[in-house]
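Below is one structure, written out as structure tokens, with a few remarks after it.
2 protein chains.
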Amino acid sequence: MKKGTLYGIGIGPGDPDLITLKAVKVIAACRHVFVPKSKEDSESLALNISRAHIHPNAQVHEILFPMTSDKEVLDKSWDDAAHSILRVLETGEDACFLTLGDAFLYSTYIYLLRRLRKLQPHVDVVTVPGVTAFSAAAAAAECPLGQGKESLIIVPTADDLEEMKRAVRSDGTVVLMKIGKRLERVLEVLDDENALHRSVFVSRVGLKGERVVNDLRSMRLEAPDRGYLSTMIVKSAKGEDA
Amino acid sequence: MKKGTLYGIGIGPGDPDLITLKAVKVIAACRHVFVPKSKEDSESLALNISRAHIHPNAQVHEILFPMTSDKEVLDKSWDDAAHSILRVLETGEDACFLTLGDAFLYSTYIYLLRRLRKLQPHVDVVTVPGVTAFSAAAAAAECPLGQGKESLIIVPTADDLEEMKRAVRSDGTVVLMKIGKRLERVLEVLDDENALHRSVFVSRVGLKGERVVNDLRSMRLEAPDRGYLSTMIVKSAKGEDA
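Protein chains in written order, with my numbering: chain A, 194 to 435; chain B, 194 to 435.
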């Protein structure tokens, strides 16, 4: 019997209208929809965005990915998820796995897929790309990401301050993702580098409570969760006089 | 009288199904659709992708952007385009401008918008982000763009070989865009850096004649136009043993 196909789908940054036609079609055709969920969420954001497109008879499988850096705990979660998906595919039915933003950009899907390929190297997988959070942030702030011959550097965490500094000192534009609780530290670095005036901050883009700050010299820290679902764009120092 | 709004729309990398719901809705609602066109194209690719969504009564304005690096010629093109769009907005009607990929990532739209803001600083503009060519290339080649704490560096042209080398030697993943006629030179650099085995090449992603090469050691140069609409992803050297 022919086994099913897994569709890994990037559903975009949060605005339900920033999903692609391809994602909508594939989601609607699948009878098994897998969505990641962290303990902190009362509800999966990915599920929320896609709900309108899920077939009424489809079975929704919420997969808990604990918010931890404990490799053993994470490995077990991915392993469990991969096995659940394989069980569906082995019945001949297709399944989709939904992930925020783009499917291959700092997503849980990457780890899940690696796990799946280890268990079943020849499983059929189709990946559907999506709009990234930084593209949506750039659009909301009217801030170009890359122009001319300038590079664009995406720094996924603010863990390594030295790497962040190197990027900010380069000739290109820099995107800082997953800032979270490190927001205060990031602002300090940007101040030290005299880059606050060329930096923008966008949080909860396309969602309730969206916030855009166009010049970080005027940014006031407001609440303890202010760095969640947020992106910063540091424009290139070179482009200032363009 | 209230003036119209310009919608700058990233329509995705080429596959007509990789357009967002938001783009479809906005395009369908506009009676004036502006599309960029280069002399080399017999038909605008952006127009081709979006044709199904354009209202039958809408007026399509093709704007010629000459394939040149002559700043004076380009400035005049953007200026003409900005004036044409302003003439529509002044009648109170909305207009949209379509651009391939994401609206703010190495697009003509960036320059057009700058021009427009110079002429009319307070014109109403809404930008709709889109799926980038590199996200689509990553999906087609099943090649993650960024994972864990590794940076992602987007290098838009292969003009500056030293910059390309620096990026390839870094710890992150590297995307090379707009390779065009420089493909042979790029392959030489990757060979010198011993990076061919961790590089993938995708051209015409989602279009007729799509080509995916997963290990560039096996890549044969095939035709003089082989670098057009192509993207390379150089996986991080660090990730090899992940």
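Cβ coordinates follow ideal geometry from the N, Cα and C atoms, glycine included.
Beta-carbon neighbours of residue i, restricted to chain A and to distances below 8 Å
{"i": "B/THR350", "result": "LYS342"}
{"i": "B/ASP317", "result": "Residues of chain A passing the Cβ test: none, with the nearest at roughly 11 Å."}
{"i": "B/VAL217", "result": "LEU214"}
{"i": "B/GLY205", "result": "THR213"}
{"i": "B/ALA222", "result": "Simply none; closest approach about 13 Å."}
DSSP three-state assignment for residue i, whether helix, strand or coil
{"i": "B/PRO206", "result": "coil"}
{"i": "B/TYR304", "result": "helix"}
{"i": "B/TYR421", "result": "coil"}
{"i": "B/ILE220", "result": "helix"}
{"i": "A/GLY373", "result": "helix"}
{"i": "A/LYS196", "result": "coil"}
{"i": "A/LYS428", "result": "coil"}
{"i": "A/ASP434", "result": "Residue placement at A/ASP434 cannot be trusted, given a pLDDT of 43 that sits under 50; the coordinates are not used to answer."}
Within chain A, partners of residue i - CB distance below 7 Å
{"i": "B/PRO337", "result": "PHE297 and ILE303"}
{"i": "B/GLY402", "result": "The premise fails here: B/GLY402 is roughly 19 Å from chain A at the closest Cβ pair, so nothing lies under 7 Å."}
{"i": "B/ALA251", "result": "Chain A residues near B/ALA251: none, gap ~19 Å exceeds 7 Å."}
{"i": "B/ALA332", "result": "ALA296, PHE297, THR320, VAL321 and PRO322"}
For residue j and residue i, believed in contact at Cβ under 8 Å, the rounded distance
{"i": "A/VAL348", "j": "A/LEU380", "result": "Contact flag wrong, Cβ pair sits at about 15 Å."}
{"i": "B/ALA251", "j": "B/HIS225", "result": "7 Å"}
{"i": "B/ASP364", "j": "B/GLU386", "result": "No, B/ASP364 and B/GLU386 are not in contact; Cβ-Cβ is about 14 Å, not under 8 Å."}
{"i": "A/SER396", "j": "A/VAL427", "result": "In fact, because the Cβ distance is near 16 Å, the residues do not count as touching under 8 Å."}
{"i": "B/ILE220", "j": "B/ILE247", "result": "6 Å"}
{"i": "A/PRO206", "j": "A/THR325", "result": "7 Å"}
{"i": "B/GLY201", "j": "B/THR292", "result": "7 Å"}
{"i": "B/GLU286", "j": "B/GLY197", "result": "5 Å"}
{"i": "B/LEU199", "j": "B/LEU309", "result": "7 Å"}
Contact under 8 Å by Cβ, residue i with residue j
{"i": "A/VAL318", "j": "B/GLU255", "result": "no"}
{"i": "B/VAL211", "j": "B/GLY399", "result": "Looking at the sequence provided, one finds Leu at residue 211 of chain B rather than Val. For B/LEU211 and B/GLY399, yes; Cβs fall inside 8 Å."}
{"i": "A/THR320", "j": "A/ALA296", "result": "yes"}
{"i": "B/PRO322", "j": "A/SER328", "result": "yes"}
{"i": "B/VAL228", "j": "B/ALA239", "result": "yes"}
{"i": "A/TRP271", "j": "A/LEU298", "result": "no"}
{"i": "A/THR213", "j": "A/ALA330", "result": "no"}
{"i": "A/ILE346", "j": "B/ILE346", "result": "yes"}
{"i": "B/LEU389", "j": "B/LEU409", "result": "yes"}
{"i": "A/GLN313", "j": "B/ILE303", "result": "no"}
{"i": "A/VAL406", "j": "A/ALA333", "result": "no"}
{"i": "B/LEU448", "j": "B/LYS230", "result": "Beyond the ends of chain B as shown, which are 194 and 435, falls residue 448 of chain B; an answer cannot be given."}
{"i": "B/LEU473", "j": "B/VAL316", "result": "With chain B covering only 194 through 435, there is no way to say anything about residue 473 of chain B."}
{"i": "B/ALA351", "j": "B/ARG378", "result": "yes"}
Partner residues on chain A for residue i, Cβ-Cβ distance less than 9 Å
{"i": "B/ALA329", "result": "PRO322"}
{"i": "B/THR325", "result": "ASP295, PRO322, VAL324, THR325 and SER328"}
Contacts of residue i in chain B (Cβ-Cβ under 7 Å)
{"i": "A/ILE347", "result": "GLY339, SER344 and LEU345"}
Neighbouring residues, chain B, relative to residue i (Cβ below 8 Å)
{"i": "A/ILE212", "result": "THR213 and LEU214"}
{"i": "A/ASP353", "result": "LYS342"}
{"i": "A/LYS356", "result": "According to the sequence provided, residue 356 of chain A is Glu. The question's Lys does not apply to it. What A/GLU356 touches in chain B: SER344."}
Start-end ranges of the beta strand (DSSP E) lying completely within the stretch 315-354 of chain B, minimum 3 residues: 317-321 and 345-348
Can you list, in chain order, the stretches of the beta strand (DSSP E) that have 3 or more residues and sit fully within the stretch 380-407 of chain A? 392-396 and 404-406
4 or more residues per run - each alpha helix (DSSP H) lying fully within the stretch 236-311 of chain A: 238-243 and 264-283
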